[in-house]
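A.B. asks: Sequential numbering from 1 applies to the sequence shown in the numbering used here.
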Amino acid sequence: MSADLPQFISVGKGDSARKIAVRHDERGAPGVLWLSGFKSDMLGTKAEVLCEWAEKQGLTCTRMDYSGHGESGGEFVDGTISLWLEEAVAVFRQFCKGPTIVVGSSMGGWMALLLAKALHEASETIEGTPSGMLLIAPAPDFTEELMWKHEFTDEIKQEIMDKGRFERPSEYEDSPYIITRDLIEDGRTNLLLGAPIITNCKTIILQGQKDDAVPWQHALRIVEGMAHDDVVLTLVKDGDHRLSRPEDLDRMIAAVAELAGR
Numbered sequence: 001m002s003a004d005l006p007q008f009i010s011v012g013k014g015d016s017a018r019k020i021a022v023r024h025d026e027r028g029a030p031g032v033l034w035l036s037g038f039k040s041d042m043l044g045t046k047a048e049v050l051c052e053w054a055e056k057q058g059l060t061c062t063r064m065d066y067s068g069h070g071e072s073g074g075e076f077v078d079g080t081i082s083l084w085l086e087e088a089v090a091v092f093r094q095f096c097k098g099p100t101i102v103v104g105s106s107m108g109g110w111m112a113l114l115l116a117k118a119l120h121e122a123s124e125t126i127e128g129t130p131s132g133m134l135l136i137a138p139a140p141d142f143t144e145e146l147m148w149k150h151e152f153t154d155e156i157k158q159e160i161m162d163k164g165r166f167e168r169p170s171e172y173e174d175s176p177y178i179i180t181r182d183l184i185e186d187g188r189t190n191l192l193l194g195a196p197i198i199t200n201c202k203t204i205i206l207q208g209q210k211d212d213a214v215p216w217q218h219a220l221r222i223v224e225g226m227a228h229d230d231v232v233l234t235l236v237k238d239g240d241h242r243l244s245r246p247e248d249l250d251r252m253i254a255a256v257a258e259l260a261g262r
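(1) Does the segment 51-65 come into contact with the segment 77-92, if we say contact requires no fewer than three beta-carbon pairs (one atom in each stretch) closer than 8 Å?
(2) Which whole-angstrom value is the C-beta distance of V103 and I20, which I expect to be below 8 Å?
(3) Please say whether R165 and I179 have beta carbons closer to each other than 8 Å?
(4) Between which two residues does the alpha helix (DSSP H) containing Q209 stretch?
(5) Using a Cβ-Cβ cutoff of less than 7 Å, which residues in the same chain neighbour F95 once the five nearest sequence positions on both sides are dropped?
(6) Starting from V256, trace the alpha helix (DSSP H) both ways and give me its first and last residue.
(7) Taking the straight line between their C-alpha atoms, what separation do you get for R245 and Q57?
(8) Apply the 10 Å Cβ neighbour rule to K163 and answer buried if 16 or more other Cβ atoms are within range, or exposed otherwise.
(9) If you run the structure through DSSP and keep just helix, strand and coil, what is A17?
(10) Compare the C-alpha of S82 against each of F38, L235, S106 and M111 and name the closest.
(11) By DSSP's criteria, I178 is part of a beta bridge. Which residues make up the other side?
(12) Return the bridge partner residues of F8 from the DSSP annotation.
(13) In terms of alpha-carbon separation, which member of R242, A139, P176 and N190 lies closest to I222?
(14) By how many angstroms is the C-alpha of M161 removed from the C-alpha of M1?
(15) Using the beta-carbon count (16 or more within 10 Å), is R262 buried or exposed?
(16) Decide if E167 is buried, meaning its Cβ has at least 16 other Cβ atoms within 10 Å, or exposed.
(17) Roughly how many angstroms lie between the CA atoms of S16 and K237, to the nearest whole one?
(18) Looking at C-alpha atoms only, which residue of L50, D230, W216 and M107 is the closest neighbour of T143?
(19) I'd like to know whether the C-beta atoms of H145 and L193 end up nearer to each other than 8 Å.
(20) Give me the residue from I198, V77 and P30 with the minimum Cα distance to A54.
(21) List the residues that DSSP assigns as beta-bridge partners of W34.
(22) Return the CA-CA distance between L113 and E155, expressed in angstroms with no decimal places.
(23) How would you write the range of the alpha helix (DSSP H) that L146 sits in, first residue to last?
(24) Determine whether the beta carbon atoms of L206 and M252 lie at a separation below 8 Å.
(25) With DSSP collapsed to three states, give me the class of L83.
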């Protein structure tokens, strides 16, 4: 099916069922799977550049929107890390049949690492796990380590606990991000930092040192946790969180090409 238009799969059962939008172009191996960031979608600059490169290389490309994001159904305020992970696992299993390089941006980096963990714990075959990973400004544990512990004041924390939500101003759009108590509490069940992180594949991390959303030191904690896998960290001295400048996009493509053996 052409990725010009999304197709939809149902994830979850009963009242928790969500319609998840997927763009999938079946070509050759290895394929690439794009996982977007928090409040981002699969039609962003990096995702589009990645898919254009995959097309030129004759490689399968898969993208998805989490529930409450982009073209998928559901409300953003109903989302949690566990629900979005369930959707990523479902898309991987249905569409990523051969060797697949998972590319995760910001929260998508957390999703990528959780995806690898979930597939590993399910005792999938090597063909059913990522063959390589590229993490761009990855933000594992951001709900706890970046928001709750460092960004939120005691007043904000109390508001979240009492009202169940907090309207966090966004730097990227006019409407605020709604941070719910469910998101924070569910995030605590998916924490990765401070314990071994296993991907069973080579991982490349691109991290800007002028990132005002995810401190570059956060990437060092990821590397420390990945003691058993091959991991390469590139710090971009003048790079911001988006890493979407032409030179950043070139770095992204070069990293994916390396993982793909191209």
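Ideal placement from N, C-alpha and C gives every residue a C-beta, glycine not left out.
On a predicted model such as this, the values are computed, not experimentally measured, just so you know.
C.D. replies: Straight from the coordinates:
(1) yes
(2) As a working note, residue 103 is residue 103 in the sequence shown. As a working note, residue 20 is residue 20 in the sequence shown. In fact, because the Cβ distance is near 18 Å, the residues do not count as touching under 8 Å.
(3) Walking along the sequence shown from the start, residue 179 turns up at place 179. Walking along the sequence shown from the start, residue 165 turns up at place 165. Cβ atoms of I179 and R165: closer than 8 Å.
(4) Within the sequence shown, residue 209 is the residue found at index 209, counting from 1. Note, Q209: premise wrong, no alpha helix (DSSP H); not H, not E.
(5) Your numbering for residue 95 matches position 95 in the sequence shown. V22, H24 and T62.
(6) Here the question's residue 256 lines up with position 256 in the sequence shown. Segment P246 to A260, the alpha helix (DSSP H) holding V256.
(7) Counting from one through the sequence shown, the residue named residue 245 turns up at place 245. Counting from one through the sequence shown, the residue named residue 57 turns up at place 57. Those two C-alpha atoms are separated by around 22 Å.
(8) Position 163 of the sequence shown, counted from the first residue, corresponds to residue 163. Result: exposed.
(9) By 1-based counting over the sequence shown, the position of residue 17 is 17. DSSP places A17 in coil when its eight states are reduced to three.
(10) Residue 82 sits at position 82 when you count from the first residue of the sequence shown. The option with the nearest alpha carbon to S82 is M111.
(11) In the sequence shown, the residue the question calls residue 178 occupies position 178. I178 is bridged to E167.
(12) Here the question's residue 8 lines up with position 8 in the sequence shown. Its beta-bridge partners are A21.
(13) For the purposes of this step, residue 222 is taken as the residue at position 222 of the sequence shown. Closest option to I222, Cα to Cα, is A139.
(14) Mapped onto the sequence shown, residue 1 falls at position 1. Mapped onto the sequence shown, residue 161 falls at position 161. Because M1 sits at a pLDDT of 44, beneath the cut-off of 50, its placement in the model cannot be relied upon, and the following sentence gives the value as read from the coordinates. Approximately 45 Å, taken between the alpha carbons.
(15) As a first step, residue 262 must be located in the sequence shown, where it is residue number 262. By the 10 Å Cβ count, R262 comes out exposed.
(16) What you label residue 167 is simply residue 167 of the sequence shown in a count that begins at 1. Exposed, because fewer than 16 other Cβ atoms sit within 10 Å of the Cβ of E167.
(17) Along the sequence shown, read from residue 1 onward, the residue named residue 16 stands at position 16. Along the sequence shown, read from residue 1 onward, the residue named residue 237 stands at position 237. Looking at the two C-alpha atoms, the distance is approximately 43 Å.
(18) Residue numbering aside, residue 143 sits at position 143 when the sequence shown is read from its first letter. For the residues L50, D230, W216 and M107, the minimum Cα distance to T143 belongs to M107.
(19) Position 145 of the sequence shown, counted from the first residue, corresponds to residue 145. Position 193 of the sequence shown, counted from the first residue, corresponds to residue 193. According to the sequence displayed, residue 145 carries Glu and not His. Yes, Cβ-Cβ distance for E145 and L193 is below 8 Å.
(20) In the sequence shown, the residue the question calls residue 54 occupies position 54. The shortest Cα separation from A54 among I198, V77 and P30 belongs to P30.
(21) Position 34 of the sequence shown holds residue 34. R63 and V103, per the DSSP bridge assignment.
(22) Taking the first residue of the sequence shown as 1, we reach residue 113 at position 113. Taking the first residue of the sequence shown as 1, we reach residue 155 at position 155. Whole-angstrom Cα-Cα distance: 32 Å.
(23) For the purposes of this step, residue 146 is identified with residue 146 of the sequence shown, where counting begins at 1. Segment: none, L146 is in no alpha helix (DSSP H) and carries neither H nor E.
(24) In the sequence shown, the residue the question calls residue 206 occupies position 206. In the sequence shown, the residue the question calls residue 252 occupies position 252. In this structure, M252 lies closer than 8 Å to L206 by Cβ.
(25) Position 83 of the sequence shown, counting from 1, holds the residue named residue 83. It is helical.
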